[in-house]
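Asker: Following the UniProt record's numbering, the numbering of the sequence shown begins with 1 at its first residue and continues without gaps.
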Amino acid sequence: MNVVEHKNPVKRIPCSEIAPHIHDEIVGDGACFFRTLSKAITGTEANHYAVCVSLIEFMLHPANVLAFGRLLRQSVAYDIYAQKAVTSHINRSRLYSETTWSTEYEVFVAATVFQ
């Protein structure tokens with residue numbers, strides 16, 4: 001009887017070998033999430049507020065507002081209530097402030113926008 005050894009064709013590479021080795025200082029003013037996105041996308045964290053505003057505009061866009069309204073409040077069924085839920089979140093989180101913290105919703109929106 002012959003024994004055949006099957007080898008896994010998938011090469012396993014440690015994450016440390018394939019992950020980007022970028023180490024950079026980001027200003028810790030509360031807007032570090034938006035600053036990090038700005039640095040990754042534009043090469044400078046100076047555009048962090050523009051990144052934040054673009055995410056806000058994406059959330060408020062009529063094609064997206066119902067989805068994000070439902071994400072914020074599961075009972076939202078109509079665009080007008082979704083618009084209110086999203087606007088309420090934006091105001092409550094003070095997203096128009098240049099030093100605002102992000103929430104899980106902004107992380108989700110950024111993942112959707114920038115894929």
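Idealized CB from N, CA, C, for every residue including glycine.
#1: In whole angstroms, give me the CA-to-CA distance for histidine 23 and isoleucine 80.
#2: Should arginine 35 go down as buried or exposed, given a rule of 16 or more other Cβ atoms within 10 Å for buried?
#3: Rounded to the nearest angstrom, what separates arginine 94 and aspartate 29 at their Cα positions?
#4: By how many angstroms is the C-alpha of glutamate 25 removed from the C-alpha of phenylalanine 68?
#5: Could you check what DSSP says for glycine 28 in three-state terms: helix, strand or coil?
Answerer: By the coordinates alone:
#1: 44 Å
#2: buried
#3: 14 Å
#4: 32 Å
#5: It is coil, neither helix nor strand.
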